[in-house]
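Undergrad: According to this note's numbering, the sequence shown is numbered sequentially starting from 667.
The structure follows.
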Amino acid sequence: METNQTLNTLLVTLFRNIMNIEQDALISGEFTDITMNDMHVIEAIECGDPKPSSVVAKKLSVTMGTLTKSIDRLTRTGYVLRERSDEDKRLVLLSLTEKGEKAYAHHRKFHEEMIQSAMAQFDQQEAGILIQSLQGLVDYFNSHKKK
């Protein structure tokens with residue numbers, strides 16, 4: 667049972683630390699006018715071609731109503747552009763503005779540095795075991811998600 671308690675403590679601590687460190691690192695400097703949720707919406711939109719709002723909502727596992735509130739704020743603060751499709755006026759397309767692309771790059775850099783730092787302590791075999799173990803956790807959590 668001690669192993670289970672240790673793993674539980676480690677997972678809870680890891681989750682909490684990642685969330686807190688990510689908050690402090692990302693919602694700083696020029697990006698203090700958005701929330702971590704907003705940053706994750708920006709990440710879901712990504713750079714490049716506009717994406718239908720329904721695709722972004724699905725990627726985030728949120729309702730269209732929840733996404734709309736975030737997009738309203740991100741549009742108002744200049745991170746996201748919302749347009750109607752020329753082909754289908756019912757379709758709302760989302761893309762990042764220059765400011766949104768800067769936030770996206772800032773977020774990606776944080777994650778790249780976090781992974782690089784975490785993986786520096788593992789050799790290739792250990793990294794493979796870690797990836798396999800984490801995939802098992804992802805599979806477990808995905809199987810328990812509300813659909």
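Think of the CB as a built atom: it goes at the ideal place given N, C-alpha and C, for glycine as much as any other residue.
On a predicted model such as this, the values are computed, not experimentally measured, just so you know.
Throw me the rounded Cβ distance for the V758 and S719 pair, which I believe falls under 8 angstroms.
TA: 4 angstroms
Undergrad: Pick from R739, I693, R682, E668: whose alpha carbon is nearest that of Y770?
TA: I693
Undergrad: Note down, in chain order, each residue of its chain lying with its Cβ closer than 7 angstroms to the Cβ of S736, except the 5 sequence neighbours on either side.
TA: N703, D704, V707
Undergrad: If you draw a straight line from the alpha carbon of E696 to that of V721, how long is it in whole angstroms?
TA: 28 angstroms
Undergrad: Could you name the residues that DSSP lists as bridge partners for R750?
TA: V758
Undergrad: Could you name the residues that DSSP lists as bridge partners for P718?
TA: L759.
Undergrad: Which runs of the alpha helix (DSSP H) spanning at least 4 residues fall entirely within the region 774 to 805, listed in chain order?
TA: none
Undergrad: Rounded to whole angstroms, what's the CA-CA distance from L796 to D805? Just pull it up for me.
TA: Each residue's Cα considered, the two are about 14 angstroms apart.
Undergrad: Suppose you measure from the CA of N674 to the CA of R750; what does that come to, to the nearest Å?
TA: 46 angstroms
Undergrad: Is the beta carbon of I684 less than 8 angstroms from the beta carbon of S761?
TA: no
Undergrad: Assuming I700 and Y745 make a contact with CB atoms under 8 angstroms, what is their CB distance in whole Å?
TA: 7 angstroms
Undergrad: How long is the line joining the alpha carbons of L726 and T732, rounded to whole angstroms?
TA: 10 angstroms
Undergrad: If you measure from the CB of T741, is any heavy atom of the ligand SAH nearer than 7 angstroms?
TA: The ligand SAH is not part of the structure shown, which contains no ligands of any sort.
Undergrad: Specify, as a first and last residue, the run of the alpha helix (DSSP H) that F697 falls within.
TA: Annotation: F697 is outside any alpha helix (DSSP H) and is labelled neither H nor E by DSSP.
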